[in-house]
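Reviewing the structure listed below.
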Amino acid sequence: MNIIGIIPARMASSRFPGKPLAPILGIPMIGHVYFRSKMYPILNEVYVATCDREIAEYIDSIGGKAIMTSDTHERASDRCAEAMLKIENFSGKKIDIIVMIQGDEPMVTPEMIEKAVEPMIKDNSIQVVNLMARIKTVEEFEDPNEVKVVVDVNSRALYFSREPIPSRKKGISEVPMLKQVCIIPFRRDYLLKFNSMKSTPLEIIESVDMMRILEHGDDVYMVMIDEQTLSVDTNRDLERVQEMMKNDRLLALYKK
């Protein structure tokens with residue numbers, strides 16, 4: 022099975038411009054994501070998909086592989102699809118599963134990627150997987166930069182939102198507080214189908230791409246992880262991640 026990782030990254034983030042190259046303990050954030058993603062042996066290769074020459078040049082400098090993509094993409098999935106087709110074209114090999122690994126997840130681990138991919142290897146009917154993790158503080162639960170998710174008894178997503186869901190304001194304060202972790206495997210053809218779907222009202226309202234899948238009647242299979250992780254959306258997040266990663270077990274394997 023041909024499984025590859027693609028890390029979409031661009032400098033023009035609306036909330037944190039230039040964040041892929043923001044340093045964390047002396048290494049640009051995109052470097053952490055790349056080095057750590059490469060540690061999962063089932064990925065045949067890992068690529069960074071970008072429209073920015075600065076990012077591509079950095080990835081080249083560390084021996085990685087960058088794919089230049091259009092600067093008109095508004096969604097990471099569109100950028101990944103363009104990169105996937107380019108990779109197939111020059112490699113001559115069809116890709117079975119693409120793992121979209123967001124470039125602002127510097128604490129990604131090979132175990133997280135393994136947990137995301139495993140259900141798709143075991144069950145051909147699963148087209149897309151998201152990871153989820155428990156939110157430990159009310160502050161994070163109420164942070165609009167964190168995408169929250171509620172799931173059914175079979176670990177299928179019911180709804181995604183940047184609002185705190187389910188509500189803590191109806192007499193029950195102890196609710197399941199879960200967040201989306203953006204390690205997202207797609208089957209090749211489903212990624213192309215997803216990108217061909219029209220944007221949907223709730224996707225736009227919630228500003229969460231996965232809502233498009235639910236609104237079109239398809240499933241997003243969710244997998245729980247125990248790893249401590251934090252996506253970087255602001256300078257404050259960057260400071261928190263730097264503190265969290267000081268004693269990171271993987272850091273010594275690639276920091277020289």
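In the numbering used here, the protein residues as written are 22 to 277.
Even for Gly, the Cβ is constructed at its ideal location relative to N, Cα and C.
Keep in mind the model is a prediction, meaning the values are calculated, not measured.
Review point. With 9 Å set as the bound, which would you pick, yes or no: does the beta-carbon of residue 263 sit closer than that to a beta-carbon of chain C?
Key: Of the protein chains in this structure there is only one, and it is not chain C.
Review point. Residue 26 by DSSP, collapsed to three states: which one?
Key: If you number the sequence shown from 1, residue 26 lands on position 5. Note: residue 26 maps to strand in three-state DSSP.
Practice item. May I have the straight-line CA-CA distance separating residue 147 from residue 133, to the nearest angstrom? Key: Within the sequence shown, numbered from 1, the residue matching residue 147 stands at position 126. Within the sequence shown, numbered from 1, the residue matching residue 133 stands at position 112. Going by the C-alpha atoms only, they are around 17 Å apart.
Exercise for review: For residue 195, count neighbouring Cβ atoms within 10 angstroms of its own Cβ and tell me buried if that reaches 16, exposed if not.
Suggested key: Within the sequence shown, the letter at position 174 stands for residue 195. Counting every other CB atom within 10 Å of its CB across the protein chains shown gives residue 195 a total below 16, marking it as exposed.
Check your understanding: Counting pairs of beta carbons, one from the segment 173–185 and one from the segment 217–234, are three or more of them closer than 8 Å?
Key -> Between the segment 173–185 and the segment 217–234, the count of C-beta pairs closer than 8 Å reaches three or more; the two stretches touch.
Practice item. Answer yes or no: do residue 124 and residue 50 have a C-beta to C-beta separation smaller than 9 Å? Key: Locating residue 124 in the sequence shown gives position 103, counting from the first residue. Locating residue 50 in the sequence shown gives position 29, counting from the first residue. Cβ atoms of residue 124 and residue 50: closer than 9 Å.
Exercise for review: Look up residue 66 in the DSSP assignment and say whether it is helix, strand or coil.
Suggested key: Here residue 66 is taken as the residue at index 45 of the sequence shown, counted from 1. Strand.
Check your understanding: For residue 204, which three-state DSSP category applies?
Key -> Position 183 of the sequence shown holds residue 204. Here residue 204 sits in strand by DSSP.
Check your understanding: In terms of residues, what are the limits of the alpha helix (DSSP H) holding residue 256?
Key -> As a first step, residue 256 is located in the sequence shown; it is residue number 235 there, counting from the start. Residue 256 -> alpha helix (DSSP H) spans 256–265.
Point to revise | Residue of 208, 267, 276 minimising C-alpha distance to residue 115 | key: Along the sequence shown, read from residue 1 onward, the residue named residue 115 stands at position 94. With respect to the C-alpha of residue 115, the residue from 208, 267, 276 having the closest C-alpha is 208.
Review point. Where does residue 182 fall in DSSP's three states?
Key: Taking the sequence shown and counting its residues from 1, the one referred to as residue 182 is at position 161. In the displayed model, residue 182 falls within a strand according to three-state DSSP.
**Study point:** C-alpha gap between residue 118 and residue 25, whole angstroms
**Key:** Residue 118 sits at position 97 when you count from the first residue of the sequence shown. Residue 25 sits at position 4 when you count from the first residue of the sequence shown. For residue 118 and residue 25, the gap between their C-alpha atoms comes out near 7 Å.
Exercise for review: Note down the Cα distance separating residue 102 from residue 273, rounded to an integer number of angstroms.
Suggested key: In the sequence shown, residue 102 corresponds to position 81, counting from 1. In the sequence shown, residue 273 corresponds to position 252, counting from 1. The C-alpha of residue 273 is placed about 33 Å away from the C-alpha of residue 102.
Review point. What did DSSP end up calling residue 284 once you bin it into helix, strand or coil?
Key: In the structure as shown, the chain starts at 22 and stops at 277, and residue 284 therefore has no counterpart that could be examined.
**Study point:** Cα-Cα separation between residue 29 and residue 192, rounded to whole angstroms
**Key:** As a first step, residue 29 is located in the sequence shown; it is residue number 8 there, counting from the start. As a first step, residue 192 is located in the sequence shown; it is residue number 171 there, counting from the start. In this model, residue 29 and residue 192 are separated by some 41 Å (Cα to Cα).
Review point. Name the DSSP beta bridge partners of residue 177, please?
Key: As a first step, residue 177 is located in the sequence shown; it is residue number 156 there, counting from the start. Looking at the DSSP output, residue 177 shares a beta bridge with 242.
Review point. How would you label residue 82, buried or exposed, when you count the other beta carbons within 10 angstroms and need 16 or more for buried?
Key: Counting from 1 along the sequence shown, the entry for residue 82 is found at position 61. Residue environment for residue 82: exposed (fewer than 16 other C-beta atoms within 10 angstroms of its C-beta).
Practice item. Please determine if the segment 127–142 and the segment 52–67 are in contact, where contact requires at least 3 C-beta pairs separated by less than 8 Å. Key: Yes, since at least three Cβ pairs between the segment 127–142 and the segment 52–67 fall closer than 8 Å, the two stretches touch.
Practice item. State the CB to CB distance for the pair residue 198 and residue 155, rounded to an integer number of angstroms; the pair is presumed to be in contact (CB under 8 Å). Key: Taking the sequence shown and counting its residues from 1, the one referred to as residue 198 is at position 177. Taking the sequence shown and counting its residues from 1, the one referred to as residue 155 is at position 134. At roughly 7 Å, the Cβ-Cβ gap stays under 8 Å, so residue 198 and residue 155 are in contact.
Check your understanding: Using the C-alpha atoms, what's the distance from residue 47 back to residue 271?
Key -> One-based indexing of the sequence shown puts residue 271 at position 250. One-based indexing of the sequence shown puts residue 47 at position 26. Using only the alpha carbons, I get a separation of about 15 Å.
Exercise for review: Sort 22, 211, 89, 189 by Cα distance to residue 62 and report the nearest one.
Suggested key: The count along the sequence shown starts at 1 and reaches residue 62 at position 41. Taking only the C-alpha atoms, the option nearest residue 62 is 22.
Check your understanding: Are the Cβ atoms of residue 183 and residue 167 separated by less than 9 Å?
Key -> Indexing the sequence shown from 1 puts residue 183 at position 162. Indexing the sequence shown from 1 puts residue 167 at position 146. Yes; because the gap between Cβ atoms is below 9 Å, this pair is in contact.
Review point. What does DSSP give as the partner residues of residue 71 in its beta bridges?
Key: The residue labelled residue 71 in the question sits at position 50 within the sequence shown. 30, 89.
Point to revise | Cut-off 8 Å between Cβ atoms - residues of its own chain near residue 4, not counting five sequence neighbours on either side | key: Nothing can be reported for residue 4, as the shown portion of the chain is limited to 22 through 277.
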